[in-house]
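Asks: Quick one: the structure is below, questions incoming.
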Amino acid sequence: MEFSNKQLVVTVFTKLSHGTEFNDTAPNNLFAVDLYCAVVGLKADQNVVVSPAVVQTSMALTYYGAKGQTATELIKGLRLDSNVTEEMIRSFGEFQKNFTHDNYIHLSNQIYINDNLEFRGKFKEFAQQNFDSNIEKADFHPPYNVRTTERINKAVEKKTNGKVTDILESRQLDNRTEAIIVIGVSFSAPWQKAFRADRTTKRDFSAGKYSQVYKVDTMWSLNNYKYGEFSDLDATAVELPYQNVDYSMIVILPNSSSGWRSLIKSLPGKNLVTLLNAGMKSQEVEIYLPKFSVSFGVNLQEPFSELGIKTMFRDDGDFDNMYLMFTTHHINSVIHKTYIEVTEDGTPQSLKPDHQSNSSQIKKFDANHPFVFAIKHKESIILMGHIANNHYVYNWLVHCRKYVNQRRPNVGLNVLNFQYDNL
């Protein structure tokens, strides 16, 4: 990969240390939907959460170490422009520092290589200085892979505030492992307008007319929020700000209890932030939202393949700017696990007396069936996921395959293996 002096046209939303602000967030938000759709795969009926922003940042660093076809695939899959400067790659590190400085997000982003290999000094220094990424050697060979797995898991757990546990299994490491990238992310934050804890009750949650009904802890709030109704998504959306108003959660709820398939079908190719911003305004909203936590892990090799990123995982992977080597080496897997917790906690709000609210003008947002959510930092999607149930079979897979094939010819949609916690 050779860097030119041309400025990257497409970049992230952040203010760099030297004061330059980049505010074209479209590629980041489009990649968020790309990654989410690819990860969901055949497991759409489970609860899912990923961090596209952290993954994109980590892979921008990986691109810095790549050359040839490997670098070309990363550019396309990450929705970057082909004329990438070293300063632009560095800006991803600044972006990451920007959205993690408030301790809402804890992350661990590490690269491990076989202890028989060597990193280039420039790459290791660049990663540590700009991405806070640990570059370490490890013994992947059995039986030492068990000890290595324990060491990596402890490191990730510590950096994610104890929330991301057992991100790696020893069976994922063997004599053929040359390198792995491990990305752990946890998110929890207090609301700007807390939910009333005394109003949290057990309420129904179901994926459709003929689906099993669950009783789940459901939070309640009545306050002013950004709210919108979107005919092209056949859904409504509400934006819930956190105490640091740079962060917010967007919840997108299908109008029909069984409409989640159609909602997912409509997402590819859309910049959700731009779309929703254009159709939302502040108004009084009564919200019912499940109280939940989700822990979700996935090997990103299959989703990346759908996005056209394939060579980095093969024997012909080209990381000449990363490794000191005489033959080509590759990366065996990118392991990503995310934890999110959504509770009532936040700044207490006084309940308005009944006579102060015009009930005919209050919008009701009742998330009693599957919904999509996204965590924003300013105008960039940092996390994206959904809450569903275990008995709903989604048939939108054909649409996702069609969309991916249009954008990435000869790329198939694959079944993914991942971990999840039920609602």
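Going by the UniProt record's numbering, the sequence shown opens with residue 1, and the numbers climb by one from there.
No residue lacks a Cβ here, since even glycine has one placed at the ideal position from N, Cα and C.
(1) Ignoring anything shorter than 4 residues, give me the alpha helix (DSSP H) runs that lie fully in the region 287 to 365, in order along the chain.
(2) With three or more beta-carbon pairs closer than 8 angstroms as the criterion, would you say the region 209 to 217 touches the region 125 to 137?
(3) Any chance you could list the beta strand (DSSP E) runs of at least 3 consecutive residues sitting entirely within the region 44 to 108, in chain order?
(4) Going by DSSP, name the residue or residues bridged to residue 180.
(5) How would you call residue 353, buried or exposed, if buried means at least 16 neighbouring beta carbons within 10 angstroms?
(6) Does DSSP put residue 402 in a helix, a strand or coil?
(7) When DSSP labels each residue in this structure, what does residue 125 get in the three-state scheme?
(8) Judging by CA-CA distance, which residue of 281, 147, 195 is the nearest neighbour of residue 174?
(9) Is residue 279 helix, strand or coil by DSSP?
(10) Whole angstroms are fine: how far does the CA of residue 99 sit from the CA of residue 382?
(11) Check residue 424 in the structure and name its three-state DSSP category.
(12) With a threshold of 16 other CB atoms inside 10 Å of the CB of residue 181, please say whether the residue is buried or exposed.
(13) Taking only the alpha-carbon atoms, compute the straight-line gap between residue 205 and residue 40 and give it to the nearest angstrom.
(14) For residue 93, which residues of its own chain have a beta-carbon under 6 angstroms away from its beta-carbon, when the five flanking residues on both sides are left out?
(15) Look up residue 36 in the DSSP assignment and say whether it is helix, strand or coil.
(16) Return helix, strand or coil for residue 247, following the three-state DSSP convention.
(17) Strictly by DSSP, which residues pair up with residue 383?
(18) Let's see if you can read the secondary structure: which residues bound the alpha helix (DSSP H) around residue 235?
(19) Quick check on DSSP: helix, strand or coil for residue 231?
(20) So is residue 362 buried or exposed if we call it buried at 16+ other beta carbons inside 10 Å?
(21) Going straight from the alpha carbon of residue 46 to that of residue 259, what length do you get?
(22) I'd like the list of long-range same chain contacts for residue 145, defined as Cβ closer than 7 angstroms, with 5 residues on each side in sequence excluded.
(23) Distance, Cα to Cα, residue 192 vs residue 88?
(24) Quick one: what does DSSP say residue 215 is sitting in, helix, strand or coil?
(25) Cβ atoms of residue 289 and residue 221: under 9 angstroms apart, would you say?
(26) Can you give me the start and stop residues for the beta strand (DSSP E) that residue 194 sits inside?
Replies: Taking the definition as stated:
(1) 301 to 306
(2) no
(3) 48 to 50
(4) Reading the sequence shown from its first residue, position 180 is the one you call residue 180. The partner list for residue 180 (beta bridge, DSSP) reads 112, 333.
(5) What you label residue 353 is simply residue 353 of the sequence shown in a count that begins at 1. Confidence at residue 353 is low in this model, with a pLDDT of 49, below 50, so its placement is unreliable and the value that follows should be read with caution. When all chains shown are included, residue 353 counts as exposed.
(6) Position 402 of the sequence shown, counting from 1, holds the residue named residue 402. Any reading at residue 402 must be qualified, since the residue scores a pLDDT of 45, below 50, and its modelled position is unreliable; the value itself is stated next. If DSSP states are grouped into helix, strand and coil, residue 402 belongs with the helices.
(7) Indexing the sequence shown from 1 puts residue 125 at position 125. Helix.
(8) As a working mapping, residue 174 is identified with position 174 in the sequence shown. Closest by alpha carbon: 147.
(9) To locate residue 279, count along the sequence shown from 1; it is residue 279. Three-state result, residue 279: helix.
(10) The residue labelled residue 382 in the question sits at position 382 within the sequence shown. The residue labelled residue 99 in the question sits at position 99 within the sequence shown. The straight-line gap from Cα to Cα measures roughly 8 angstroms.
(11) The structure shown does not extend to residue 424, since the chain is modelled only from 1 to 423, so the question has no answer here.
(12) On the sequence shown, residue 181 is found 181 positions in, with the first residue counted as 1. Residue 181 should be labelled buried.
(13) As a first step, residue 205 must be located in the sequence shown, where it is residue number 205. As a first step, residue 40 must be located in the sequence shown, where it is residue number 40. One C-alpha to the other measures close to 21 angstroms.
(14) Taking the first residue of the sequence shown as 1, we reach residue 93 at position 93. Counting only Cβ-Cβ distances below 6 angstroms, and skipping sequence neighbours, we find 130, 131.
(15) Translated into positions along the sequence shown, residue 36 becomes position 36. Reduced to three states, the DSSP call for residue 36 is helix.
(16) In the sequence shown, the residue the question calls residue 247 occupies position 247. Strand at residue 247.
(17) The count along the sequence shown starts at 1 and reaches residue 383 at position 383. Looking at the DSSP assignment, residue 383 forms a beta bridge with 375.
(18) To locate residue 235, count along the sequence shown from 1; it is residue 235. Premise fails: residue 235 lies in the beta strand (DSSP E), 235 to 241, not in any alpha helix (DSSP H).
(19) As a position in the sequence shown, residue 231 is number 231, starting the count at 1. If DSSP states are grouped into helix, strand and coil, residue 231 belongs with coil.
(20) In the sequence shown, residue 362 corresponds to position 362, counting from 1. Exposed, by the Cβ-count rule.
(21) On the sequence shown, position 46 is the one that residue 46 refers to. On the sequence shown, position 259 is the one that residue 259 refers to. Approximately 16 angstroms, taken between the alpha carbons.
(22) Working through the sequence shown from its first residue, we reach residue 145 at position 145. Counting only Cβ-Cβ distances below 7 angstroms, and skipping sequence neighbours, we find 170, 173, 174.
(23) Walking along the sequence shown from the start, residue 192 turns up at place 192. Walking along the sequence shown from the start, residue 88 turns up at place 88. In a straight line, the C-alpha of residue 192 is about 33 angstroms away from that of residue 88.
(24) Counting from 1 along the sequence shown, the entry for residue 215 is found at position 215. Strand.
(25) Locating residue 221 in the sequence shown gives position 221, where the first residue counts as 1. Locating residue 289 in the sequence shown gives position 289, where the first residue counts as 1. Their beta carbons are under 9 angstroms apart, which means residue 221 touches residue 289 by this criterion.
(26) For this step, residue 194 is matched to residue 194 along the sequence shown. Segment: none, residue 194 is in no beta strand (DSSP E) and carries neither H nor E.
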